[in-house]
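Visitor: Okay, handing you the structure first.
Residue numbers (my numbering): 34 to 134.
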């Protein structure tokens, strides 16, 4: 969270993304992302200085549900497994199968 605080502080001083990158060693895309998040939050530098690291982390990176729910129906894997087991037991004449091709 130290880098977030530094980036916000440098941004408030009017430094460009490139100069903030040079000063902090954080990737330019990350610097731009942190600045964008800072602007979206609408917080001031003083408010960020008051927040502890956990609160700042929750502000900048709110928990997002990591489970993606699919609208597609999942196949019945138990049925597929049973069918494959049954077919494994049946004997298929490979010559007749090859002869048909």
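Glycine included, C-beta positions come from ideal geometry on N, C-alpha and C.
Values in this document were obtained by computation on a predicted structure and should not be read as measured data.
Which runs of the alpha helix (DSSP H) fall wholly inside the stretch 56-97 and span at least 4 residues, in chain order?
Guide: Complete alpha helix (DSSP H) runs here, min 4: 61-74, 78-83, 86-93.
Visitor: Within a Cβ cutoff of 7 Å, which residues of the same chain sit near residue 81, ignoring the five residues on either side of it in sequence?
Guide: 38, 41, 89
Visitor: Determine the extent of the alpha helix (DSSP H) in which residue 49 is found, giving its start and end residues.
Guide: Following the DSSP letters along the chain, one finds residue 49 in no alpha helix (DSSP H), marked with neither H nor E.
Visitor: Could you give the C-beta distance for residue 64 and residue 53, rounded to a whole number, given that I count them as a contact under 8 Å?
Guide: 5 Å
Visitor: According to DSSP, is residue 105 helix, strand or coil?
Guide: coil
Visitor: Got a sec? Which residues, its chain only, sit under 7 Å from residue 59 by beta carbon, not counting five neighbours each side?
Guide: Within the same chain, and ignoring the five residues on either side of residue 59 in sequence, the residues whose Cβ sits closer than 7 Å to its Cβ are 36, 40.
Visitor: Rounded to whole angstroms, what is the Cα-Cα separation between residue 56 and residue 48?
Guide: 10 Å
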